[in-house]
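Residue numbers for the sequence shown follow my numbering, so the first one is 1 and each next one is one higher. Single-structure report; data block below.
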Amino acid sequence: MTGLPIDAILPEVVAAVREAGQVVVEAPPGAGKTTRVPLALQDAVAGRILMLEPRRIAARAAAERMAQTLGERVGQTVGYRIRGEAKPGERIEVVTEGILTRMLQTDPELPGVGAVIFDEFHERSLNADLGLALCLEVRGALRDDLALVVMSATLDGAGVAALMGGAPVVRSDGRAFPVETRWLDRPLRQGARLEDEVVRLVERAVAETEGGVLVFLPGEGEIRRVASRLNLPGECRVRPLYGAMKLADQRAAIAPEADGRKVVLATSIAETSLTIEDVRAVVDAGRARRARYDPGSGMTRLVTERVSRAEATQRQGRAGRLAAGVCYRMWAKAEEGALPAVAPAEVEVADLAGLALDLAAWGTRDVGELAFLTPPHAGTLAEARALLRDLGAMTEDGAVTEHGRPLAAMPLHPRLAHMLQRGGPEAAPLAALLSERDPMRGAGPDLALRLRALRERDPSADVGAVERIKAEAKRLRPLAGPGRGLSAGAMAALAYPDRIGLRRPGDDPRWALSGGKGVRMEPGEALVQARLIVVTDTDGSPREARVRQAVEITEAEVRELYGERIQWVDACAWSKREGRVVARRQERLGAVVLDDRVWRDAPDEAVAEAMLEGVRALGLRPSAAAERFRARVALARVGGEDLPDMGDAALLAALEAWLLPHLGGVRSAEDWATFDLLPALKGMLTWDQTQALDRAVPGAFETPLGRRVPLDYGDGVPGISVRLQEMFGVTQHPTVAGQAVKVTLLSPAGRPVQVTTDLPGFWATSYADVRKDMRGRYPKHPWPEDPTVADPTLRAKRRG
Numbered sequence: 001m002t003g004l005p006i007d008a009i010l011p012e013v014v015a016a017v018r019e020a021g022q023v024v025v026e027a028p029p030g031a032g033k034t035t036r037v038p039l040a041l042q043d044a045v046a047g048r049i050l051m052l053e054p055r056r057i058a059a060r061a062a063a064e065r066m067a068q069t070l071g072e073r074v075g076q077t078v079g080y081r082i083r084g085e086a087k088p089g090e091r092i093e094v095v096t097e098g099i100l101t102r103m104l105q106t107d108p109e110l111p112g113v114g115a116v117i118f119d120e121f122h123e124r125s126l127n128a129d130l131g132l133a134l135c136l137e138v139r140g141a142l143r144d145d146l147a148l149v150v151m152s153a154t155l156d157g158a159g160v161a162a163l164m165g166g167a168p169v170v171r172s173d174g175r176a177f178p179v180e181t182r183w184l185d186r187p188l189r190q191g192a193r194l195e196d197e198v199v200r201l202v203e204r205a206v207a208e209t210e211g212g213v214l215v216f217l218p219g220e221g222e223i224r225r226v227a228s229r230l231n232l233p234g235e236c237r238v239r240p241l242y243g244a245m246k247l248a249d250q251r252a253a254i255a256p257e258a259d260g261r262k263v264v265l266a267t268s269i270a271e272t273s274l275t276i277e278d279v280r281a282v283v284d285a286g287r288a289r290r291a292r293y294d295p296g297s298g299m300t301r302l303v304t305e306r307v308s309r310a311e312a313t314q315r316q317g318r319a320g321r322l323a324a325g326v327c328y329r330m331w332a333k334a335e336e337g338a339l340p341a342v343a344p345a346e347v348e349v350a351d352l353a354g355l356a357l358d359l360a361a362w363g364t365r366d367v368g369e370l371a372f373l374t375p376p377h378a379g380t381l382a383e384a385r386a387l388l389r390d391l392g393a394m395t396e397d398g399a400v401t402e403h404g405r406p407l408a409a410m411p412l413h414p415r416l417a418h419m420l421q422r423g424g425p426e427a428a429p430l431a432a433l434l435s436e437r438d439p440m441r442g443a444g445p446d447l448a449l450r451l452r453a454l455r456e457r458d459p460s461a462d463v464g465a466v467e468r469i470k471a472e473a474k475r476l477r478p479l480a481g482p483g484r485g486l487s488a489g490a491m492a493a494l495a496y497p498d499r500i501g502l503r504r505p506g507d508d509p510r511w512a513l514s515g516g517k518g519v520r521m522e523p524g525e526a527l528v529q530a531r532l533i534v535v536t537d538t539d540g541s542p543r544e545a546r547v548r549q550a551v552e553i554t555e556a557e558v559r560e561l562y563g564e565r566i567q568w569v570d571a572c573a574w575s576k577r578e579g580r581v582v583a584r585r586q587e588r589l590g591a592v593v594l595d596d597r598v599w600r601d602a603p604d605e606a607v608a609e610a611m612l613e614g615v616r617a618l619g620l621r622p623s624a625a626a627e628r629f630r631a632r633v634a635l636a637r638v639g640g641e642d643l644p645d646m647g648d649a650a651l652l653a654a655l656e657a658w659l660l661p662h663l664g665g666v667r668s669a670e671d672w673a674t675f676d677l678l679p680a681l682k683g684m685l686t687w688d689q690t691q692a693l694d695r696a697v698p699g700a701f702e703t704p705l706g707r708r709v710p711l712d713y714g715d716g717v718p719g720i721s722v723r724l725q726e727m728f729g730v731t732q733h734p735t736v737a738g739q740a741v742k743v744t745l746l747s748p749a750g751r752p753v754q755v756t757t758d759l760p761g762f763w764a765t766s767y768a769d770v771r772k773d774m775r776g777r778y779p780k781h782p783w784p785e786d787p788t789v790a791d792p793t794l795r796a797k798r799r800g
């Protein structure tokens, strides 16, 4: 057995397990931890050893490699168990991560299991995080003899060790073989096509190195496009490697090439655990595809992002597994510092419906009771629990229901498990189809085409994908509830009650979903004329998602399935298009309106409440009198009076409190244009506040004739406009709130003659010139030489 770097620390790992019952193992890529540690622990623990792997291909490959090391076949000492396939081992069993959760839910004591190893924990999958949290609780409450081993290549083990209550950390610093890293001379040019740049770099790597080349690409589509464009020497064989491939093709990518060289085009499944024979060089395109869940839309979308530095290290390590190697990075060295340190943990970006159901089945209502390295986001977890309540899998207080418990035991998303239970065996093909990769990419969104391809041969369907879906459907049928003879649309509606869509009016193919979101299709698709659809997959856009998969459903089927949820709702709403409040009586399933009628006797209160939205859209539009009142209040507040804020922002934020009682009869933009805000604004003040306002900032000035002239405070200074003759006899300039009033003196025709804040000074200086001019223009009006002793008047001179 060839020595590997991990061998040097195996005695320390075994000792830690014997003494502490748990250990964190840090070892770089290529150190050999996946295949060496389980074998080394056989004599240290009593019972079987379970090792978790994040991917099926890695689980199978790890078991085969360990069995080969022992000179045995898989199924003797070492075995594996993955979805749809099992070869149990007597002492060591490699399983995919979800299997451990179901084992714990079935029997938390894990009878017969002596140790659980979490391999590649740095990938931070949701199932691994949950599995470790549950195992730690089991170890603390039921099985203090259960050994736990967490292994990682790039994750700092100190945090995991602390989570485990101070577990020992054992590190291996050695790499199997050195790897030289080569970067681009400069960053890729703006707008460069990923596939074209990868092709150039792969052809360079083939020319500069010997042996196999492993190329990391984001997904299957990129793999196919790069494979079609490569121009390689005749001895090179291109081998794709991704999760949805046939087992034989996966083995061919991993195994040594019989003759010549191989170029493996792989997704991130080749980052960990797998040793791909003959690889001497790695080409890293620097991209990773991740699923990101948006709780706002309730949908998951795939995004292509820059790799993290930790992922880049993992990929680099693939070149040094069997000999010295070279890693080509498709970015400049100067760009490396801008890469994120680690990829986000799945619990941070994933749909948490499955986790929420597992927690409920475990009996945990407060997620804080479990030891999560990264706690689930409270908002996303709340959305997940709301879905489970909608499916009938969880009670209002967070407990699992009798219906929810079998759903947690199924290897399916809770939506699909619910569909299988309620829809019967006929739902198995659809559940399998929605769980797997689309077998008819580019065939449009209609799910009926794909279901037909499972029954009848379709040349446009991926044969391998169809066979996998059929096999999965066969495996799921025994888990189903009683049959109901439902259509594909009705079965899909069981899984997606929040994605039943009603077509919007108009030529554009758009639908409103029962959950409140909107979706669209490209013109010309098969379902563009369907009135009602169930959307099972979208591109995840948070604005208006594009439908990738959907199926038609009839209104009769919707009513049969969800009749108890369909309700008549009386609704008044502001219509921006019509510029008025529209009152309707609507029959609704969530946000989907199945029937819509005019609500002729809508109460005034409901109309007024809807009009508030119109006010927000139209703006306040205060009259001149209302604006003067607001200015007085603002000035008084500056002076220290305890009065409410009447600025636009404050008023719009509190419309319900001060405006709603005054909106009777207002229901359109035209009504609002003639509405006077002044009574409503005055109604905001108590009697004492009104008195205080009048004292501090009066609303009017009383002229010598006893006439009350409104005071204008628009620019923060009190002002009035009065006829010049009305101020005769005034020898002291008027003041308000300690400020000189800005007096605009008007001619008999009401035109401004003079603006002053010093009336005595005006009488003594400028008045003489004004008198000379005004006497010629208005000879019938009095223009005394000394206005300070004249009587104020608004009348013309009497005829003598």
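For every residue, glycine included, the Cβ atom is placed at its ideal position computed from N, Cα and C. Note that this is a predicted model, so its numbers are computed, not measured.
Going along the chain, which residues of its own chain have a beta-carbon closer than 6 Å to the beta-carbon of residue i, five neighbours each way excluded?
i	result
residue 179	316, 319, 320, 325, 327
residue 163	371, 373
residue 340	308
residue 194	none
residue 702	708
Based on Cα-Cα distance, which residue from the options lies nearest to residue i?
i	options	result
residue 82	100, 70, 72	100
residue 53	45, 206, 63, 47	63
residue 236	227, 244, 243	227
residue 717	767, 628, 134, 741	741
residue 416	584, 479, 44	479
residue 350	378, 361, 362, 335	378
residue 291	125, 556, 598	125
residue 486	632, 567, 423	423
residue 704	323, 732, 643, 686	732
residue 177	103, 281, 233	281
residue 288	699, 312, 279	312
residue 591	526, 652, 518, 632	518
residue 699	627, 189, 599	627
Going by the DSSP bridge assignment, what does residue i pair with across the sheet?
i	result
residue 720	743
residue 518	512
residue 668	580
residue 293	300
residue 80	87, 94
residue 756	743
residue 17	Looking at the DSSP assignment, residue 17 forms no beta bridge with any residue, so it has no partner.
residue 735	740
residue 487	Answer by DSSP bridge pairing: none, since residue 487 is not bridged.
residue 152	26
For residue i, collect the residues of the same chain with a Cβ closer than 7 Å to its Cβ; drop the 5 residues on either side in sequence, then sort them by chain order.
i	result
residue 640	none
residue 406	421
residue 16	23, 168, 170
residue 389	396
residue 122	152, 153, 154, 155, 310
residue 796	780, 781
residue 286	306, 307, 329, 330, 331
Measure how close the beta-carbons of residue i and residue j come, nearest whole angstrom, since I'm counting them as under 8 Å.
i	j	result
residue 672	residue 666	6 Å
residue 6	residue 33	5 Å
residue 801	residue 664	One cannot answer for residue 801 here, as it falls past the ends of the chain, which runs 1 to 800.
residue 267	residue 217	6 Å
residue 131	residue 109	Between residue 109 and residue 131 the Cβ distance is about 15 Å, and since that is not below 8 Å, they are no contact.
residue 575	residue 582	5 Å
residue 353	residue 334	With a Cβ gap of about 42 Å, residue 353 and residue 334 do not count as contacting.
residue 527	residue 553	With 8 Å as the limit, residue 527 and residue 553 do not qualify as a contact, their Cβ atoms being about 11 Å apart.
residue 356	residue 381	6 Å
So, for residue i: in the same chain, excluding its five sequence neighbours on each side, which residues have a beta-carbon less than 8 Å away from its beta-carbon?
i	result
residue 244	220, 436, 437, 464, 465, 468
residue 655	612, 615, 616
residue 198	215, 217, 222, 226, 283, 285, 330
### Query
Curious, which full-length alpha helix (DSSP H) runs of at least 4 residues does the region 403 to 472 contain?
404 to 408, 414 to 423, 428 to 435, 447 to 455
### Message
My parser needs the beta strand (DSSP E) runs of 3 or more residues fully inside the region 556 to 622; what are they?
### Response
567 to 575, 580 to 589, 592 to 598
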